[in-house]
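The opening residue of the sequence shown carries number 17 in our numbering; numbering runs sequentially from there.
Beta carbons: idealized from backbone N, C-alpha and C, even for Gly.
The block underneath contains the structure these notes are about, expressed in structure tokens.
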Amino acid sequence: MQGPRWVRGPLLAVLGVTPLLTAGAQGAERDKDKLVFGTLHGHSSWSIDAYGLGNRSGPDKAYRFARGEEVDDTSGNAVKLKLPLDFFMLSDHSEMLGTAPKLTEKGSAVYDTPVAKLVQEGKATEAFTMISGAIISGKPLEGLGDPKVAASLWSEYVAYAEKYNDPGKFTTFIGYEWTSLPGGANMHRNVIFRDSQIPEVPFTALDSDRPEDLWTAMENWRTQGMDVFAMSHNGNASLGKMFAFTDSDGKFFTTEYAQRRKLNEPLHEAGQVKGVSMAHPQFSPNDEFADFELWNYYLPAGAPVPPLRSNYVREAWKMGLQLKKVIGENPFMFGLKGGSDTHGTINTFEEFDNRGNHSLMDNTAQKRMFARAGQSESVKGGSLFLNPGTLTGVWVSENERGPIFDALQRRESYATSGTRIKLRMFAGYDYGEDLLSAADWVDRAYAGGVPMGGELPLADRPPKIAVWAMKSPISANLDRIQVIKLWSDGIRDYEKIYDVALSDGRRVDPATGKAPPLASTVDVSNATYSNDIGAAELKAVWTDPDFTAGEEAVYYVRVLEIPTPRWSTFDAVALGVEPATTVPATLQERAWSSPVWLVEQAQP
């Protein structure tokens, strides 16, 4: 079944990159047997801003909670993940990493600094305002810029990741957040290392707030035997800079720039507590599911900002096709990953057990329901517009650093809105309609095509997309699977959304191109739902009905669960109040695959 809808976009010009997987090239090297879920983005009290929000829980608690231990949340209540994470990277801000907890620790290298004295005198707000200003300006405060101190704290920080790494059971990665905020535009990147080969100190935004300089640092590290790459996040808060057509100097992209960006930044975070960056209804007006956990605010001030096209992932993928026609490379050939960006050390990712993500600012249902902009420099626009974060899914041979890192680097990963949906997606030309019924269908799919994240060379016939999804063991049934196609004719760019697998015997209405919605089972007054509708498993082999020979395109998959209560509805029930009217009472959790690029010439 297939129901297209499309929207025409204005002409855009930018550049391009090329993918890491090509048809038939990854068979022997692929990882496929285990699905692991994890997060690559979160903060403890070792991040200056988290400490300033009242967080006093360090890295140790973050790792223990992620691997499934019961710990205390910020309010002192016991909390435990319903399902432990398989892998985890703590990504505290590298700028003055670990400094905050040491400001009141007698004998520490920073205890006698002027800013530490302010904290010790009870002037924490003044102190952290100074620290934030120093980070934004790129000028360290007196006593906080000593390289020896930075190296010592980095070494201590790395030791936590090494301590908790348990290959085969719970994998930890060494990494950090590079916190660039030029003019208030979020240009943050999370940096991940493959193993224990790491630099003496991280490259921070105090060294440079230009992404190109971060790339240079990583390129230099690679010459020294360090495997590393960066992952951008929060395009939605970048003031249009994340996927703009110009570099840090305001110059139009070059082919070299596009190639460097592709190499150094293979992934973007689909969403996190401060909003989902996948799409916006203003740019996808015919997509009834585009309006999902949107967050459009200016980070430093918390003021609303209008949506900009170059803030969003789907638009970037379309613009990348346009750019390739101009400069011969596509700078926006990135895949997807998930993350939380919690500043409270722990994060549940679940709507039914949201404990907040900004420490003392939103650690109770009362604060989350009624906080508003102006009460907190962290909870922009009020906690109601935040969410519990997203997860990363990766299929690997073993739950170890190497296989996970390699899969992420080649973009064979996907993101979910926090649920544990299982998802596979392949593209090829010779998949039979019965492919997904074969016991060895995954082997056949790899042998005859490419998985998500890969490149499929153009042929004289339409590609086939094989997609399979299974519900989370602790969440709702599935509503549908959609294939989203993006392409450009050189003048305009386009998108079409196809419902390729629907639950409950529904079919696409040929007149509207849309499938009828399921009747919701959600009882808002009690924050409950039923799995009497939907499907535990959906799958399809779909052939593009609108294929044009010689036309490059992007294909990715979106899987939707049936409607369930949003976290704010659970909080409203707990408080005995009506759900907020400024946010939806229900939502449809989802998964987004990394794309497959249909290209004229795939890169090996």
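Does the Cβ-Cβ distance between residue i and residue j come in under 8 Å?
| i | j | result |
| --- | --- | --- |
| Ser293 | Met441 | no |
| Trp583 | Leu51 | no |
| Ser326 | Gly191 | no |
| Glu511 | Lys341 | no |
| Glu553 | Glu616 | no |
| Gly184 | Glu416 | yes |
| Leu451 | Arg460 | yes |
| Phe365 | His284 | no |
| Ser356 | His57 | yes |
| Ile214 | Val174 | yes |
| Leu407 | Val289 | no |
| Val499 | Val570 | no |
| Glu178 | Ser212 | yes |
| Gly291 | Asn346 | no |
| Gly256 | Leu310 | no |
Between the Cα of residue i and those of the options, spot the shortest distance and give me the residue it belongs to.
| i | options | result |
| --- | --- | --- |
| Pro533 | Trp503, Asp495, Leu99 | Asp495 |
| Thr220 | Arg508, Lys438, Glu193, Leu160 | Glu193 |
| Thr115 | Ser153, Glu158, Pro282, Asp89 | Glu158 |
| Gly354 | Trp170, Ala125, Leu424 | Leu424 |
| Phe386 | Ala596, His59, Pro218, Thr141 | Ala596 |
| Val329 | Tyr79, Tyr313, Val321, Ser300 | Ser300 |
| Arg427 | Glu416, Ala246, Ala260 | Ala246 |
| Leu376 | Thr358, Tyr447, Asp229, Glu367 | Thr358 |
| Asp520 | Tyr545, Leu160, Asp539, Gly550 | Gly550 |
| Val612 | Ala601, Asn542, Asp525, Tyr430 | Tyr430 |
| Thr537 | Asn547, Gly529, Thr528 | Asn547 |
| Glu111 | Gly138, Tyr180, Phe103, Thr195 | Thr195 |
| Asp263 | Pro227, Met234, Ala233, Ala295 | Pro227 |
| Met49 | Asn363, Arg523, Trp457, Gly84 | Sequence check: residue 49 is Asp here, not Met. For the residues Asn363, Arg523, Trp457, Gly84, the minimum Cα distance to Asp49 belongs to Trp457. |
| Phe542 | Gly336, Lys257, Thr602 | Correcting the residue identity first, residue 542 is Asn in this sequence and not Phe. It is Thr602 whose Cα lies nearest to the Cα of Asn542. |
| Phe368 | Ala588, Met146, Phe103, Arg83 | Ala588 |
Could you compute how far the alpha carbon of residue i sits from the alpha carbon of residue j?
| i | j | result |
| --- | --- | --- |
| Ala150 | Gly409 | 36 Å |
| Arg606 | Lys118 | 41 Å |
| Phe105 | Arg436 | The identity of residue 105 in the sequence shown is Met, whereas the question assumes Phe. Cα to Cα, Met105 sits roughly 18 Å from Arg436. |
| Ala443 | Lys122 | 59 Å |
| Gly465 | Ile343 | 27 Å |
| Tyr462 | Ala455 | 14 Å |
| Phe348 | Phe268 | 14 Å |
| Thr129 | Phe144 | 13 Å |
| Phe305 | His59 | 30 Å |
| Ala482 | Asn373 | 37 Å |
| Pro297 | Phe586 | 26 Å |
| Val217 | Ala274 | 27 Å |
| Leu279 | Leu352 | 15 Å |
| Ser399 | Asp446 | 49 Å |
| Tyr314 | Leu197 | 11 Å |
| Arg205 | His249 | 6 Å |
| Leu339 | Gly469 | 19 Å |
| Asn236 | Ser413 | 30 Å |
| Phe189 | Thr528 | 47 Å |
| Trp231 | Tyr545 | 47 Å |
| Ala125 | Lys133 | 13 Å |
Run through DSSP, which three-state label would residue i get?
| i | result |
| --- | --- |
| Pro198 | helix |
| Leu339 | helix |
| Met486 | strand |
| Trp62 | coil |
| Thr580 | strand |
| Ser429 | strand |
| Leu554 | strand |
| Phe245 | strand |
| Arg477 | coil |
| Gly159 | coil |
| Glu366 | coil |
| Thr129 | coil |
| Thr220 | coil |
| Trp311 | coil |
| Leu169 | helix |
Below 6 Å CB to CB, which residues in the same chain sit around residue i once its five sequence neighbours on both sides are set aside?
| i | result |
| --- | --- |
| Gln604 | Leu576, Glu577, Pro579 |
| Ser491 | Thr435 |
| Arg467 | It is Pro, not Arg, that sits at residue 467 in the sequence shown. Contacts found: Glu428, Phe442. |
| Asp89 | Val95, Arg371 |
| Ala82 | Leu101, Phe104 |
Return the chain-ordered list of same chain residues with a C-beta closer than 8 Å to the C-beta of residue i, the five sequence neighbours on each side being excluded.
| i | result |
| --- | --- |
| Ser61 | Tyr67, Asn71, Arg72, Ser73, Gly74, Ala116, Pro117, Thr361 |
| Glu86 | Ala94, Val95, Lys96 |
Answer yes or no: the CB of residue i versus the heavy atoms of the ligand GTP, is any distance below 7 Å?
| i | result |
| --- | --- |
| Phe401 | This structure does not include the ligand GTP; it has no bound ligands of any sort. |
Give me, in chain order, the residues of the same chain whose beta-carbon lies closer than 7 Å to that of residue i; leave out the 5 immediate sequence neighbours on both sides.
| i | result |
| --- | --- |
| Val135 | Leu119, Thr120, Ala143 |
| Asn202 | Asn250, Ala253, Ser254, Leu315 |
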